[in-house]
Each structure stands twice: as structure tokens, then as C-alpha cells.
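So this note's numbering is basically just the index in the sequence shown, starting at one, shifted up by 461. Where a beta carbon is used, it is the ideal one built from N, C-alpha and C, also for glycine. Below you'll find the structure, written out as C-alpha cells, and then a few comments.
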Amino acid sequence: MNLKDLWRAGKLRAYTVSYCASLVTLLLFPFDAQARPCVEGVCLGDSINAVKAFKYESVDSFGRQLSPRQKRKLDAAYPRYPAELAMPLLQGRFDNRILMMLPAVSKACSPRSMIGKTLKPAGVETQFTLQLDTAGNWKVVGIAQVFPPLARDELSRLNVDLDKQYGKYSIHSTNKAPHYAYVFNPNLAKPYFVLTQPVPDKKAMERYRNNCT
Numbered sequence: 462m463n464l465k466d467l468w469r470a471g472k473l474r475a476y477t478v479s480y481c482a483s484l485v486t487l488l489l490f491p492f493d494a495q496a497r498p499c500v501e502g503v504c505l506g507d508s509i510n511a512v513k514a515f516k517y518e519s520v521d522s523f524g525r526q527l528s529p530r531q532k533r534k535l536d537a538a539y540p541r542y543p544a545e546l547a548m549p550l551l552q553g554r555f556d557n558r559i560l561m562m563l564p565a566v567s568k569a570c571s572p573r574s575m576i577g578k579t580l581k582p583a584g585v586e587t588q589f590t591l592q593l594d595t596a597g598n599w600k601v602v603g604i605a606q607v608f609p610p611l612a613r614d615e616l617s618r619l620n621v622d623l624d625k626q627y628g629k630y631s632i633h634s635t636n637k638a639p640h641y642a643y644v645f646n647p648n649l650a651k652p653y654f655v656l657t658q659p660v661p662d663k664k665a666m667e668r669y670r671n672n673c674t
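Structure, rendered in C-alpha cells:
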């Protein structure tokens, strides 16, 4: 059967529609994003834009001045930053107001991180960790969720569910997926899990140092 006959039979049209749908899926959800661990639609490696839709716990140190010693410490990490962000940058905390201003900090001499804690009525706290790379982009390098106290059977179900989602990234897995790590702490009073990218290696650290010379 030639292409013309296949088209008349509808087989080629069906294949074309299927191929186009697959192509659209790849364009909207790239394979790279699908391969990365995600929580609430945010994946490790995403840009700062991915975490802007959440409501964060307020950081009270916005606008607070640093002591001379604290300023020297911060200057060693960030050569340029808005004065209002000095204390939050030193503490490594962000809220919605600080998040909007973070792109103004576009150069880092070391891989310091900023953590934002979301507010959720269900009692589950999600934490996103951002880090400035040497190209001047804030990226998601860590995601954690902290759960309220659970009974043993609830904790066991949670462990199973999380393992289905992130088990291949577990630090205890012999077949661990590269580039990412997953850890679950089954504490009855405060269970939590963490997803992270690896810490910068020697070459990356050298790039950070060269970034500020």
C-alpha cells in the first residue's frame, strides 16, 4: 500500500495527528523538564519564574541594615545588591516582595542560596531553594515539603507514595538517576522530604571565583 492509499484509508492521517500531538507535547513539556523531579509544578533546574505564583511566609528583615562585619561577609558573596535586600540575602530567606527584587542581584562570587517557605492551609509547608548561577540566573536547586504529625499507618502510606514518585532519585538507590538526590525523613512528629541538585563541583566553584575577579 502506497502513501496515497494509506491517506485514503485514514491510517496516514491518524499517524500524522498522533505525531503532531506528540510534537506539541514535547514543545510544551520538554523531555528535560519531564526527566527532572518536580513538586507542585516546579522542577529542579527551573528559573525563578516557576516559583512566583506561590504565597510565601513573610521575611521581617527586609530593609534592615548590616553590621560592618555582616556587610563584609555579604560583599564577599554578592558584589552588587539593593540595600533593602542586604539582611535577607545574608540570612538566605525570601518572601514575595524579596522574590520580585531578586533579579536585581545578578552576580555571585559563591553559590549561596535563598529559601522561600510557602503558606498552605492544609498544614503542608513547601520550601523552594533558589541559587544564582554564574550566568546571572536564579534557578531552583532544592525543593522540600514538611508535613504535619502523622500516625504510623499514614506515614507508611506517605513513604510509599513518595517512593513511587521520587524513588529513582533516592540517595540509597543503586540505580539513582544522575544529577538529583531525594531523601525522606520518616519522623512521626514532622516528616519531610528533600529534592536537591548536587552541590557545585570544583570547576563550578572556580567559575564563581572568576566571576568576581
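With distances taken from CA atoms, which of the options is nearest residue i?
{"i": "leucine 505", "options": "Ile604, Pro549 and Ala514", "result": "Ile604"}
{"i": "isoleucine 632", "options": "Phe608, Gly577 and Gln658", "result": "Gln658"}
{"i": "arginine 541", "options": "Pro564, Phe523, Val520 and Gly524", "result": "Pro564"}
{"i": "aspartate 614", "options": "Lys663, Asn671, Asn598 and Asn648", "result": "Asn648"}
{"i": "aspartate 723", "options": "Phe645, Thr635, His640 and Tyr641", "result": "Any answer about residue 723 is impossible in this case: the structure gives the chain only from 462 up to 674."}
{"i": "lysine 534", "options": "Ala569, Val503, Gly597 and Lys625", "result": "Ala569"}
{"i": "leucine 591", "options": "Glu518, Tyr643 and Ile509", "result": "Ile509"}
{"i": "alanine 496", "options": "Asn620, Tyr627 and Ala612", "result": "Tyr627"}
{"i": "arginine 554", "options": "Asp536, Thr579 and Asn672", "result": "Thr579"}
{"i": "alanine 665", "options": "Lys629, Ser634, Pro609 and Ala596", "result": "Ala596"}
{"i": "alanine 514", "options": "Gln588, Ser574, Pro610 and Asn557", "result": "Asn557"}
{"i": "aspartate 662", "options": "His640, Ala547 and Ser522", "result": "His640"}
{"i": "proline 609", "options": "Glu667, Asn671, Met575 and Thr587", "result": "Thr587"}
Can you give the Cα-Cα distance for residue i and residue j, rounded to whole angstroms?
{"i": "glycine 584", "j": "alanine 650", "result": "13 Å"}
{"i": "lysine 581", "j": "valine 660", "result": "29 Å"}
{"i": "glutamate 545", "j": "valine 520", "result": "12 Å"}
{"i": "arginine 618", "j": "lysine 532", "result": "47 Å"}
{"i": "leucine 489", "j": "valine 500", "result": "Because the pLDDT of leucine 489 is 36, which lies under 50, any placement of that residue in the model is unreliable, and the question is left without a value."}
{"i": "asparagine 672", "j": "aspartate 507", "result": "22 Å"}
{"i": "glycine 502", "j": "aspartate 536", "result": "34 Å"}
Is DSSP giving residue i helix, strand or coil here?
{"i": "serine 519", "result": "coil"}
{"i": "serine 631", "result": "strand"}
{"i": "valine 621", "result": "helix"}
{"i": "tyrosine 542", "result": "coil"}
{"i": "glycine 641", "result": "A small fix is needed here, since residue 641 is tyrosine in this sequence, not glycine. Tyrosine 641 falls in the coil class under three-state DSSP."}
{"i": "valine 503", "result": "strand"}
{"i": "asparagine 672", "result": "helix"}
{"i": "asparagine 557", "result": "helix"}
{"i": "valine 660", "result": "coil"}
{"i": "asparagine 648", "result": "coil"}
{"i": "valine 512", "result": "helix"}
Taking 8 Å as the cut-off, decide whether the C-beta atoms of residue i and residue j are in contact.
{"i": "proline 572", "j": "isoleucine 559", "result": "no"}
{"i": "valine 512", "j": "glycine 577", "result": "yes"}
{"i": "valine 607", "j": "tyrosine 653", "result": "yes"}
{"i": "methionine 561", "j": "proline 543", "result": "no"}
{"i": "tyrosine 630", "j": "proline 498", "result": "yes"}
{"i": "serine 522", "j": "glutamine 552", "result": "yes"}
{"i": "leucine 593", "j": "valine 566", "result": "yes"}
Quiz item: Which runs of the alpha helix (DSSP H), 4 residues or longer, sit entirely within the region 570-629?
Solution: 613-627
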